[in-house]
Structure formats: structure tokens, C-alpha cells
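Just below is one structure, and these are the notes that go with it.
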Amino acid sequence: MSDKMKVIKRFIAGAVCPRCGEMDCIRTFRDEEREYKECVRCDYEDSMRLDGEPDQQMEELETRVNQDKKPEIEPDAQPLLFTSNPGAKRKDH
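When you read off a place in the sequence shown, starting at 1, and then add 774, the result is the number in this note's numbering.
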């Protein structure tokens, strides 16, 4: 970033920090290539490219959604059947 360019940091109203959970402590600023977010309480930092291209160093986090693993079902498992309570009497109006 050049010395001539003044960085303006703005707070994001209502934003909650993903690390410390505090509200109204996230501020944002940008340069020619990236937009940055930072927490003033816990030093959390995040950035993203302005052109929308993904970062090369970033890898997708492994979650239950993006895994190829299927849930294991026991082969001898019996389904549960729910029936109405036979001892309960119905009230007729």
C-alpha cells in the first residue's frame, strides 16, 4: 500500500466477532486488491480478494457436508413402530 493512500477503517454495525463473540467490534478496510476485517478486542483478522477469485493458500474446511463418507447403519437394526396407547380411552362429544 502506498504512503499517499490513507486507509479508512469503518466499524460494521451489529457485526459479531466469530472468535470472541463480541458485538460491534469488527471494523473493515480495503486496499487495491483485498478487503480486510479485524476485531479490535481479540485481534481476529480475515480478508478476501476484491476480484472474487479464491486464495491459493486457502483450502476448503472438512465438514460433514463435503465428505464422501456415508452414515453407518447397523444391518440388524430394527425400526421403531409407534402405536397409540391402547389403555387410553377416547372421549366422544
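Glycine is no exception: its CB is placed at the ideal position from the N, C-alpha and C atoms.
Computed from a predicted model, the values in this text were never measured in an experiment.
Quick one, which of Met822, Leu855, Gly795 has its alpha-carbon nearest cysteine 816's?
Here the closest residue by C-alpha is Gly795.
Boundaries of the beta strand (DSSP E) in which threonine 802 is found, first to last residue
800-804
Counting C-beta neighbours from all protein chains within 10 Å, is the total for isoleucine 800 16 or more, i.e. buried, or is it exposed?
Per the 10 Å Cβ criterion, buried.
Return the chain-ordered list of same chain residues with a C-beta closer than 7 Å to the C-beta of glutamate 807, the five sequence neighbours on each side being excluded.
Arg823, Leu824
Residue from Lys780, Thr802, Thr857 whose Cα sits closest to the Cα of isoleucine 790:
Going by the sequence as given, residue 790 is valine instead of isoleucine. The shortest Cα separation from valine 790 among Lys780, Thr802, Thr857 belongs to Thr802.
CB-CB under 6 Å to lysine 783, same chain, minus the five flanking residues each way: which ones, in chain order?
Arg801, Phe803
Taking the CB atoms as reference points, tell me whether isoleucine 786 and lysine 811 lie closer together than 9 Å.
yes
Which of the three DSSP states, helix, strand or coil, is assigned to phenylalanine 785?
Note: phenylalanine 785 maps to strand in three-state DSSP.
Distance check for leucine 854 and proline 792, CA to CA, integer angstroms please.
40 Å
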